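Only one structure is covered here, and it is reproduced in the block below.
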Amino acid sequence: MASYLRDLAPSRADYAGARRTWRGDLLAGLTVGIVALPLALGFGVSSGVGAEAGLVTAIVAGVLAAVFGGSPVQVSGPTGAMVVVLAPIVATQGVGSVAAVTLLAGGIVLVAGMLGLGRAVSFIPWPVIEGFTLGIAVIIFLQQIPQLVGHAATGHSSNALIAAVQALGEADPVLLAWGVGAALVVAACMVLAPRLHAAIPGSLVGIVVVTLLALVLPTPLPRIGALPAGLPTPALPAVDPAALSALILPAVTVAALAAIESLLSARVAAGMADTGPYDPDRELVGQGIASLGSALFGGMPATGAIARTAVNVRSGGRSRLAAIGHAVVLLVVVLAASGPVATIPLAALAGVLMVTAVRMVHAGTVRAILRSTRSDALAFVLTAVITVSFDLIVAVVIGVILAGIVALRSLSRASSVHREAIGGDAQSGDERIAVLRFDGPLFFAAADRVFEEVSALDDVSVVVLRMSQLELVDATGARMLGDIVQSLERRGITVLIKGVQPRHEDLFRSVGVLGSLRHHKHLFTDLPTAIAHARDHIRRERDAATT
Numbered sequence: 001m002a003s004y005l006r007d008l009a010p011s012r013a014d015y016a017g018a019r020r021t022w023r024g025d026l027l028a029g030l031t032v033g034i035v036a037l038p039l040a041l042g043f044g045v046s047s048g049v050g051a052e053a054g055l056v057t058a059i060v061a062g063v064l065a066a067v068f069g070g071s072p073v074q075v076s077g078p079t080g081a082m083v084v085v086l087a088p089i090v091a092t093q094g095v096g097s098v099a100a101v102t103l104l105a106g107g108i109v110l111v112a113g114m115l116g117l118g119r120a121v122s123f124i125p126w127p128v129i130e131g132f133t134l135g136i137a138v139i140i141f142l143q144q145i146p147q148l149v150g151h152a153a154t155g156h157s158s159n160a161l162i163a164a165v166q167a168l169g170e171a172d173p174v175l176l177a178w179g180v181g182a183a184l185v186v187a188a189c190m191v192l193a194p195r196l197h198a199a200i201p202g203s204l205v206g207i208v209v210v211t212l213l214a215l216v217l218p219t220p221l222p223r224i225g226a227l228p229a230g231l232p233t234p235a236l237p238a239v240d241p242a243a244l245s246a247l248i249l250p251a252v253t254v255a256a257l258a259a260i261e262s263l264l265s266a267r268v269a270a271g272m273a274d275t276g277p278y279d280p281d282r283e284l285v286g287q288g289i290a291s292l293g294s295a296l297f298g299g300m301p302a303t304g305a306i307a308r309t310a311v312n313v314r315s316g317g318r319s320r321l322a323a324i325g326h327a328v329v330l331l332v333v334v335l336a337a338s339g340p341v342a343t344i345p346l347a348a349l350a351g352v353l354m355v356t357a358v359r360m361v362h363a364g365t366v367r368a369i370l371r372s373t374r375s376d377a378l379a380f381v382l383t384a385v386i387t388v389s390f391d392l393i394v395a396v397v398i399g400v401i402l403a404g405i406v407a408l409r410s411l412s413r414a415s416s417v418h419r420e421a422i423g424g425d426a427q428s429g430d431e432r433i434a435v436l437r438f439d440g441p442l443f444f445a446a447a448d449r450v451f452e453e454v455s456a457l458d459d460v461s462v463v464v465l466r467m468s469q470l471e472l473v474d475a476t477g478a479r480m481l482g483d484i485v486q487s488l489e490r491r492g493i494t495v496l497i498k499g500v501q502p503r504h505e506d507l508f509r510s511v512g513v514l515g516s517l518r519h520h521k522h523l524f525t526d527l528p529t530a531i532a533h534a535r536d537h538i539r540r541e542r543d544a545a546t547t
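Going by full-length UniProt numbering, the sequence shown opens with residue 1, and the numbers climb by one from there.
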């Protein structure tokens, strides 16, 4: 246990290649920091906790996740998926609850990593993940509509769709026009600027352009407002013990989302970079510590950010120095440029997040899933609809359950029973012998169907059950085999079993399969001996009938 925990801790080996890659890491850190600035501000505002909390999270969690996490190129901070979960929490529990929820969620993720639960994300099917991503993108887009018309993020329903409709219904037409115009300018910059040069950060260019226009023109657009010129003093969140129970479920929801998104991002990063595999358990430990640190500074929960991580890898980041550098860039902004940042119109940040939401959805991926199996398409659509209409974690749970049901159905179809011909020279009475071969897994989802197929046999005196091809058996499947043996024996049909694999013997014996045989000698290791015994039985049966 001690050695396992040591493997989860940072070490000098984490920076073994930094001497060779540090120049590219620092350049990548600068690039990612510039890209992350508008996103951190926007996600903080959109979640309802404020731009300051978004910046604090990107800085504190960014450093801690880089140092303690399991991926050398992962960039962490506030993300759109977390905003989707936090906005309803802020609406129902208040802004003051966010730090407490962040602290609890960080502890849960940390413990999950220490318990070795990092590979659990592999159990979530691809269509569910993509449906979940589509739903998040729609919610992020809808959450920006109140910002365009000057409404507070927590001023309406906790449901993004309802809040967007309410905000549009109450909108001042003039303010709406200015807000839409600002968002369109930002979107145009994000699309066009990279075409001039790939290194130009379109989102930052768009925010600068809109901010300058807002300073020159008499616009009614609301601004971010004053920001502190430094990080807050760390302190434990004030939690009312009476209200703690109401925060447990939100904290579990946040923790589950943080774990899922961080591990997905780390997996994507491992496929993009040449830095080797990532450690999923250590990644959870790092993300848990990052959220704990963020909570102490008044921030929000952190996760691995796929888009920022991808920018890091493409910009040459190959060690943890890049993610640390991105946090330093943001810290410099807080210390030296909080005044200019305060003048940024909220509509400009809304434009950044709207474009980000659109870019989260890949048309080719959606088409591929919809053109695949009907069950995968259903899981994708259902997960997306539930995400938008109800709750993110509920959507993932239902999507996984649906995908699991579909997978079990497909697996059960792989379970089959085939009647084989008796090899060699045919003998009189062979038509009264049925040799049945079991293929694939034999488990609860296939038990009833297999029982019905075997029980339907008639005009036979001996059934030989070939078990050597049986891959997997659970207790239900073994019990069903016992029921088959008993059912056939009650009908006067002798059952012989051939080729029970050693790993199945204890299970067959404990549930009574072997005890259901008429005689202990009806268990065989090879097929020719079983066939010879069956033919002897047919001859004895025929001789008895003629005397």
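Every residue gets a Cβ at the ideal spot worked out from N, C-alpha and C, and that includes glycine.
What you are looking at is a predicted structure, and each value in this text was computed from that prediction instead of being measured.
Asked: For A446 and H418, the rounded distance between their alpha carbons; Found: 15 Å
Asked: Beta-carbon proximity check, Q486 vs S516, cutoff 8 Å; Found: yes
Asked: Nearest to L27 (by Cα), restricted to the options R359, R320, D430, I398; Found: R320
Asked: Between the CA atoms of L37 and A229 - distance to the nearest angstrom; Found: 15 Å
Asked: Three-state secondary structure assigned by DSSP to residue 573; Found: Beyond the ends of the chain as shown, which are 1 and 547, falls residue 573; an answer cannot be given.
Asked: Residues that DSSP places opposite D439 in a beta bridge; Found: S416
Asked: Those residues which DSSP pairs with I433 across a bridge; Found: V462
Asked: CB-CB length for F68 against V285, believed under 8 Å; Found: 6 Å
Asked: Start and end residues, alpha helix (DSSP H) containing residue 578; Found: As displayed, the chain neither begins before 1 nor continues past 547, which places residue 578 out of reach and without an answer.
Asked: Spatial neighbours of S338 in its chain, beta-carbon cut-off 6 Å, leaving aside the 5 residues before and after; Found: L227, A229
Asked: Inter-residue spacing [alpha-carbon to alpha-carbon] between V85 and V394; Found: 11 Å
Asked: Residues bridged to V352 [DSSP beta-bridge criterion]; Found: None, per the DSSP bridge assignment.
Asked: Exposure of H326, with buried meaning 16 or more beta-carbon neighbours within 10 Å; Found: buried
Asked: Assigned secondary structure, R491 (DSSP; H/G/I helix, E/B strand, else coil); Found: coil
Asked: First through last residue of the beta strand (DSSP E) which encompasses V49; Found: No beta strand (DSSP E) contains V49, which DSSP labels as neither H nor E.
Asked: Coarse secondary structure for E261, derived from DSSP in three states; Found: helix
Asked: Pairwise C-alpha distance: G96 and G235; Found: Note on residue identity: the sequence assigns Ala, not Gly, to residue 235. Their Cα atoms are separated by approximately 13 Å.
Asked: Nonlocal neighbours in the same chain, by C-beta distance under 7 Å from T154, ignoring five residues either side; Found: Any reading at T154 needs caution, since the residue's pLDDT is 49, under 50, leaving its predicted position unreliable; the model's value is listed next. Once the five neighbours on either side are set aside, the close Cβ partners of T154 are G48, V90, A91.
Asked: In chain order, each beta strand (DSSP E) run of at least 3 residues that lies wholly inside the segment 308-350; Found: none
Asked: 6 Å CB neighbourhood of H522 in its chain, flanking five on each side removed; Found: L496
Asked: Host beta strand (DSSP E) of E471 (start-end); Found: 470-473
Asked: Identity of the residues DSSP links to G304 by a beta bridge; Found: S76
Asked: Euclidean distance between Cα positions of residue 549 and D274; Found: There is simply no residue 549 to check, as the chain begins at 1 and stops at 547 in what is shown.
Asked: Beta bridge counterpart(s) of L496 as assigned by DSSP; Found: V464
Asked: 8 Å contact criterion, which F443 and G499 should meet: CB distance rounded; Found: Not really, about 19 Å apart at Cβ, beyond 8 Å.
Asked: V454 to L465 span [Cα, whole Å]; Found: 10 Å
Asked: Proximity to G351 [Cα-Cα], best of P10, A18, G29, V45; Found: V45
Asked: Three CB pairs or more closer than 8 Å across the segment 526-535 and the segment 507-515; Found: no
Asked: Residues bridged to R223 [DSSP beta-bridge criterion]; Found: P345
Asked: Buried or exposed by the 16-neighbour rule on C-beta atoms within 10 Å, applied to E431; Found: exposed
Asked: For T154, the three-state DSSP class (helix, strand or coil); Found: Residue placement at T154 cannot be trusted, given a pLDDT of 49 that sits under 50; what the coordinates show is reported in the next sentence. Looking at T154 - three-state DSSP - the assignment turns out to be coil, as it is neither helix nor strand.
Asked: Terminal residues of the alpha helix (DSSP H) in which P194 lies; Found: 173-196
Asked: Enclosing alpha helix (DSSP H) for L215 [first to last residue]; Found: 202-216
Asked: Simplified DSSP assignment, three categories, for A36; Found: helix
Asked: Between the CA atoms of V473 and G440 - distance to the nearest angstrom; Found: 9 Å
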